[in-house]
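>
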Amino acid sequence: MELKEYLEQIKPVDKKAMELAEKRWDSIAKPLKSLGKIETNLIQIAGIQRTSAICLKKKALVVMCADNGVVEEGVTQTGQEVTAIVAENFLDEKSCAAIMCEDTGTDIFPIDIGMAVDTPRVEKHKIAYGTKNMAKEPAMTREEAERGIITGIQIVERLKKEGYDIIATGEMGIGNTTTSSAVASVLLNQSVESVTGRGAGLDSAGLKRKMEVIKKAIKMHEPNPKDPVDVLAKVGGFDIAGLVGLYLGGAIYGIPVVADGFISSVAALTAIRMEPLVQDYILASHVSKEPAGAMILEAIGKSPSITCDMCLGEGTGAVALFPLLSMGLHIYEKMSTFAQIEIADYVPLE
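Under my numbering, the residue at position 239 of the sequence shown is numbered 763, and the numbers go up by one with no gaps.
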């Protein structure tokens with residue numbers, strides 16, 4: 525199936541299910557709306573799952589792992605070898621995200637969508653052995669970008685069949701704050717300086733070099749901001765492409781997808797620019813400390829559910845939201861109503 529055909533399958537969320545979920549929240553014996561975003565997130569999930577009988581039993585974190593040719597330009601503190609090492613560590617509970625998944629009962633799925641090397645155990649959906657150096661040529665072809673997106677969609681389709689109820693998004697790829705800043709600059713029509721940060725730890729000279737490389741790539745390739753796939757192909761990464769597919773897949777197959785930090789949110793912006801209905805299928809976890817973290821969330825119409833000054837990536841912020849959702853659902857399902865305890869309902873104030 526071609527990408528265009530997948531996009532045509534996306535429908536609006538179920539407003540009736542959301543109304544029923546909100547009615548249930550308002551009947552519970554507590555002050556109205558007093559659980560804030562815990563309530564609104566679950567109401568949104570009801571709309572996505574198309575039922576007020578919300579289910580969050582089976583949780584997944586999908587980590588898109590890929591390398592970026594632009595690291596040749598000295599825009600990172602570490603080399604590409606780190607991508608493969610961390611990707612394997614996800615399977616041994618040696619990464620932050622993997623440990624958090626263990627604590628929250630979340631299954632973790634690292635995906636090799638474009639690492640520079642092969643590893644023994646990471647699930648392979650490799651589009652290529654890393655992208656090209658965008659400072660010299662387009663990061664990938666349009667066909668490769670579309671294949672990356674479709675890969676993400678197909679992973680969601682599989683997880684749906686396996687009974688997963690919610691998906692967190694994560695990524696691993698040295699150099700991906702450079703590609704994400706490039707995509708953000710083009711799609712938001714903002715200066716490179718305003719959307720680019722130090723990533724995993726650049727000094728001032730490194731940050732300046734990173735910005736110059738991004739500006740050079742954008743000027744050289746002239747990505748079209750009205751064509752998100754063109755932007756992704758010219759200055760993006762395979763990990764971002766796969767994440768875009770996860771968001772689109774969530775909308776196609778009715779699974780809520782939780783955005784993580786900066787890179788994950790740039791992918792969410794790209795997906796929404798491709799099909800605006802996708803916005804209602806995405807939950808925001810936290811706001812990244814990267815300079816464009818809050819800017820991207822505002823652009824996709826989301827506000828963070830948690831604020832922890834995180835900027836680690838891997839899906840750590842997205843997984844951190846799961847316990848809050850689980851506690852909220854427990855209240856939603858178990859707490860008595862005003863009628864059951866014979867107390868008059870709270871009435872909304874003007």
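C-beta atoms are modelled at their ideal positions from N, C-alpha and C, and glycine is treated no differently.
What beta strand (DSSP E) runs, 3 residues minimum, are completely inside the region 789-854?
806-808, all fully within the region 789-854.
> Three or more C-beta pairs closer than 8 Å, one from the region 702-710 and one from the region 640-648: is that the case here?
Flag = no, the region 702-710 and the region 640-648 do not touch.
> Do the region 751-767 and the region 664-675 meet, that is, are 3 or more Cβ pairs less than 8 Å apart?
With the cut-off at 8 Å, the region 751-767 and the region 664-675 touch.
> Give me, in chain order, the residues of the same chain whose beta-carbon lies closer than 6 Å to that of Ala791; leave out the 5 immediate sequence neighbours on both sides.
Taken in chain order, the residues that qualify are Ile764, Leu767, Val768.
> Is the region 770-779 touching the region 736-751 in the sense that three or more CB pairs, one from each, lie closer than 8 Å?
Contact between the region 736-751 and the region 770-779 is absent, because fewer than three Cβ pairs lie under 8 Å.
> One question on the structure: do Glu838 and Val587 come within less than 8 Å of each other, judged by their Cβ atoms?
In contact: Glu838 and Val587 (Cβ atoms closer than 8 Å).
> Identify whether Lys618 lies in helix, strand or coil by the three-state DSSP scheme.
If DSSP states are grouped into helix, strand and coil, Lys618 belongs with coil.
> Could you tell me the distance, in whole angstroms, from the CA atom of Lys656 to the CA atom of Asn592?
Going from the Cα of Lys656 to the Cα of Asn592 covers about 7 Å.
> Helix, strand or coil, according to DSSP, for Cys625 in the structure here?
Reduced to three states, the DSSP call for Cys625 is helix.
> Within 8 Å, do at least three Cβ pairs link the region 796-807 to the region 533-541?
Touching, yes, given that three or more Cβ pairs across the two stretches are closer than 8 Å.
> Smallest Cα separation from Ala783: which of Gly603, Cys832, Met798, Ala842?
For Ala783, the nearest C-alpha among the options comes from Ala842.
> For the 8 Å Cβ check, are there 3 or more pairs between the region 553-573 and the region 619-637?
Output reads no: the region 619-637 does not touch the region 553-573.
> According to DSSP, simplified to helix, strand and coil, what is Glu563?
Reduced to three states, the DSSP call for Glu563 is helix.
> At what residues does the beta strand (DSSP E) containing Asp763 begin and finish?
Element bounds for Asp763: not the beta strand (DSSP E) but the alpha helix (DSSP H), 762-777.
> Considering Cα atoms alone, identify which of Gly638, Leu712, Glu661 is closest to Ile651.
Among Gly638, Leu712, Glu661, the Cα nearest to that of Ile651 belongs to Gly638.
> Using 8 Å as the threshold, is the C-beta distance between Lys829 and Leu845 below it?
As written in the sequence, residue 829 is Ser, which differs from the Lys given in the question. Going by C-beta atoms, Ser829 is nearer than 8 Å to Leu845.
> Quick check: Thr701 and Phe614, are their CB atoms within less than 8 Å of each other?
Taking 8 Å as the Cβ cut-off, Thr701 and Phe614 do not qualify as a contacting pair.
> Just confirm the distance between the C-beta atoms of Ala823 and Leu793, as a whole number of angstroms; I'd bet it's less than 8 Å.
That pair is a contact at about 6 Å.
> Suppose you measure from the CA of Ile609 to the CA of Ile738; what does that come to, to the nearest Å?
For Ile609 and Ile738, the distance between alpha carbons rounds to 26 Å.
> Considering just the uninterrupted stretch of the beta strand (DSSP E) at Lys754, what are its terminal residues?
First, the residue type needs correcting, since residue 754 is Asp and not Lys in the sequence shown. Element bounds for Asp754: not the beta strand (DSSP E) but the alpha helix (DSSP H), 752-759.
> Give me the Cβ distance between Tyr653 and Ile779, rounded to the nearest whole Å; I'm assuming they're in contact under 8 Å.
Going by Cβ atoms, the distance from Tyr653 to Ile779 rounds to 30 Å, so no, they are not a contact pair.
> Out of Ile865, Gln533, Glu563, Lys734, point me to the one whose CA is closest to Tyr856's CA.
Cα-wise, what sits closest to Tyr856 is Glu563.
> How about Ser827 and Leu821: do their beta carbons lie closer than 8 Å?
Yes, Cβ-Cβ distance for Ser827 and Leu821 is below 8 Å.
> Taking 8 Å as the cut-off, decide whether the C-beta atoms of Thr840 and Met624 are in contact.
Yes, Cβ-Cβ distance for Thr840 and Met624 is below 8 Å.
> Using C-beta distances below 8 Å, list every residue in its chain close to Thr607, excluding the 5 sequence neighbours before and after it, in chain order.
Only Cys589, Ala590, Asp591, Met639, Ala640, Met696, Gly697, Ile698 meet the Cβ criterion.
> According to the Cβ coordinates, are Val594 and Met658 closer than 8 Å?
It is a contact, given that the beta carbons lie within the stated cut-off.
> For the region 553-599, which segments carrying the beta strand (DSSP E) assignment without a break, of at least 3 residues, lie completely within its bounds, in sequence order?
As far as the region 553-599 is concerned, its whole beta strand (DSSP E) runs of at least 3 residues are 583-590.
> Based on the DSSP secondary-structure assignment, which residues constitute the bridge partners of Met696?
In DSSP, Met696 forms a bridge with Cys589.
> With DSSP run on the structure shown, which of helix, strand or coil describes Lys648?
Strand at Lys648.
> Cβ atoms of Ser728 and Val719: under 8 Å apart, would you say?
No, Cβ-Cβ distance for Val719 and Ser728 is not below 8 Å.
> Which term fits Pro747, buried or exposed, when burial requires 16 or more other beta carbons within 10 angstroms of its beta carbon?
Buried is the call here.
> Tell me which residue opens and which closes the beta strand (DSSP E) that Asp636 is part of.
Asp636 -> beta strand (DSSP E) spans 630-638.
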